[in-house]
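In the working numbering, the protein residues as written are 28 to 373. The beta-carbon is built from N, C-alpha and C at its ideal position, and this holds for glycine as well. Keep in mind the model is a prediction, meaning the values are calculated, not measured. Here is the structure we will look at.
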Ligand code: KG4
Ligand code: ZN
């Protein structure tokens, strides 16, 4: 599955599934550039406003693609194929990346390659940086993908052979972080704020009930409600409760979410007997989750793969590497391809 010696393949990847406009250029599996334009406008509303997201994508996409090509020192006509996120995500946002990719492909007569956003989060582990020799996972491995929209455990048999063996039945882990942050009056997205504030807090200060759910599935909606009621009741007794206990509240909530994730990940390892374990998605940037998974190297002998920070939250580098593997398989899309908002696997 690797290119003939001497023949370099250049892929342009485009990601626009939510509120980040991103473009990346890859030479084979080596990343040359990865440009991300964030949309601050949503912070004001406390969550992503779909209409504003798609408008910002329209404004950002051309400068972002120019910047990715420039940084990679590559001309448009050197690109062998363009890959784009087809879904899941916000339809209006996805349409911007999809339409641009189609036009780019048609204009240059190069293959168009659709990529599934969740598969791409997993395949981010295969991105190599020039000069770096970090290990990539070998098949099969388990991957806990945790983001603002998804929480799932995949049994990864090959690049595009991924069986989902556990998934959330309601909210995603990232939503639990973001909603808890909102209750505490922190900005959106709240995950990184909770992570930072938790560093000086006591993770055992407050306890919350664990969801009762069988198998490898997750549930986070009950936690959101119990946290809301817990804070509301304490505020009735002491209006300064949140300010006085901010670090402990963040540390306890973070610990609780990480415990729920780790319980199922350990269960999945026991069931499958696969001890090569990766984490992916925006929440895999969380320092406590990264530490909890890494600790299993010593305590349980797992081989652990934790992504570099820049490949945890949404980025086009993961779309470019996925496009590269599909390009090698000649797995191209037709021009009638349309975005999808919900996962095709659930
Ligand atoms: O993968 P991603 O960028 O977008 C989706 O595909 O959803 O994930 C975004 C999510 C948000 O919920 C954000 O709060 C969370 O990832 N996140 C974090 C951290 N960094 C980002 N959650 C906890 N700790 C972090 N350090
Ligand atoms: Zn994502």
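Cβ-Cβ distance between residue i and residue j below 8 Å
| i | j | result |
| --- | --- | --- |
| residue 80 | residue 56 | no |
| residue 73 | residue 115 | no |
| residue 316 | residue 301 | no |
| residue 174 | residue 310 | yes |
| residue 192 | residue 243 | yes |
| residue 200 | residue 228 | no |
| residue 88 | residue 123 | yes |
| residue 42 | residue 343 | yes |
| residue 58 | residue 171 | no |
| residue 235 | residue 250 | yes |
| residue 368 | residue 145 | no |
| residue 217 | residue 198 | no |
| residue 339 | residue 308 | yes |
| residue 130 | residue 38 | no |
| residue 330 | residue 303 | yes |
| residue 61 | residue 337 | yes |
| residue 254 | residue 210 | yes |
| residue 112 | residue 83 | no |
| residue 247 | residue 203 | yes |
Residues bridged to residue i [DSSP beta-bridge criterion]
| i | result |
| --- | --- |
| residue 55 | For residue 55, which the question treats as bridged, DSSP gives no partner whatsoever. |
| residue 61 | 51 |
| residue 38 | 53 and 108 |
Where residue i falls: helix, strand or coil (DSSP)
| i | result |
| --- | --- |
| residue 361 | coil |
| residue 232 | coil |
| residue 249 | helix |
| residue 48 | strand |
| residue 126 | helix |
| residue 137 | coil |
| residue 239 | coil |
| residue 113 | strand |
| residue 267 | coil |
| residue 356 | coil |
| residue 367 | coil |
| residue 227 | coil |
| residue 132 | helix |
| residue 282 | helix |
| residue 67 | coil |
| residue 43 | coil |
| residue 260 | helix |
| residue 244 | coil |
Residue i CB to nearest heavy atom of the ligand COA below 7 Å
| i | result |
| --- | --- |
| residue 311 | Although the ligand COA was asked about, the structure shown includes only the ligand KG4 and the ligand ZN as ligands. |
Can you check the stretch 143 to 221 for any alpha helix (DSSP H) of at least 4 residues that lies completely inside it and give the ranges in chain order? Entirely contained in the stretch 143 to 221, the alpha helix (DSSP H) runs reaching 4 residues are, in chain order, 144 to 150 and 200 to 210.
Assess contact between the stretch 42 to 62 and the stretch 96 to 115, defined as three or more Cβ pairs (one per stretch) separated by less than 8 Å. Is contact present? The stretch 42 to 62 vs the stretch 96 to 115: in contact.
At 3 residues or longer, what runs of the beta strand (DSSP E) sit wholly inside the stretch 286 to 344? Listed in chain order, they are 303 to 307 and 330 to 332.
Mind the definition here: the stretch 152 to 160 touches the stretch 341 to 352 only if three or more C-beta pairs lie below 8 Å; say whether that holds. In the pairwise beta carbon analysis, the stretch 152 to 160 is classified as touching the stretch 341 to 352: at least three pairs are separated by under 8 Å.
Do three or more CB pairs link the stretch 255 to 273 to the stretch 163 to 183 at distances below 8 Å? A contact is defined here as three or more CB-CB pairs under 8 Å, and the stretch 255 to 273 fails this definition with respect to the stretch 163 to 183.
Please specify which runs of the alpha helix (DSSP H), each continuous and at least 4 residues long, are wholly inside the stretch 73 to 109, giving them in chain order. The alpha helix (DSSP H) runs of length 4 or more contained entirely in the stretch 73 to 109 are, from start to end of the chain, 77 to 99.
Taking 8 Å as the threshold, find out whether the stretch 216 to 230 comes into contact with the stretch 271 to 279 through three or more Cβ pairs. Contact between the stretch 216 to 230 and the stretch 271 to 279 is present, because at least three Cβ pairs lie under 8 Å.
State whether the stretch 139 to 146 contacts the stretch 353 to 364, with contact taken as three or more CB pairs (one from each stretch) at a distance under 8 Å. Short answer: they touch.
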